[in-house]
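Notes follow once the structure below has been shown.
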Amino acid sequence: MRKPAQIESWLTPEELLSLLKEAPTVEAYQKRLVVWLTYIGPFHAQEIANMLGVSKQAVWLWL
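Counting from 128, one number per residue, gives the positions in the sequence shown under the working numbering.
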């Protein structure tokens with residue numbers, strides 16, 4: 128199995144969490160949550176997809 132994705136944030140963890148909390152819609156919140164979970168992971172895309180009830184392809188698209 129591949130290693131989980133890792134991302135480098137140009138925001139601090141506090142700024143990233145604040146951005147997540149300030150999401151204007153449920154859809155925006157889900158997309159930002161994918162980024163947050165990937166950042167704090169290590170979670171595989173399929174694990175994040177299962178947590179959020181979306182497809183693995185959606186997770187990769189939002190990253």
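For every residue, glycine included, the Cβ atom is placed at its ideal position computed from N, Cα and C.
With a CB to CB cut of under 7 angstroms and the five nearest residues on each side skipped, what residues in its chain are close to F170?
Excluding residues within five positions, the ones whose Cβ falls inside 7 angstroms are P131, L164.
Work out the CA separation of Q184 and Q173 for me, nearest whole Å.
Between the alpha carbons of Q173 and Q184 lies a distance of about 9 angstroms.
Which same chain residues, not among the five before or five after W189, have their C-beta less than 6 angstroms away from its C-beta?
K158, V161, listed in sequence order.
Pick helix, strand or coil for L144, following the three-state DSSP scheme.
For L144, the three-state secondary structure derived from DSSP is helix.
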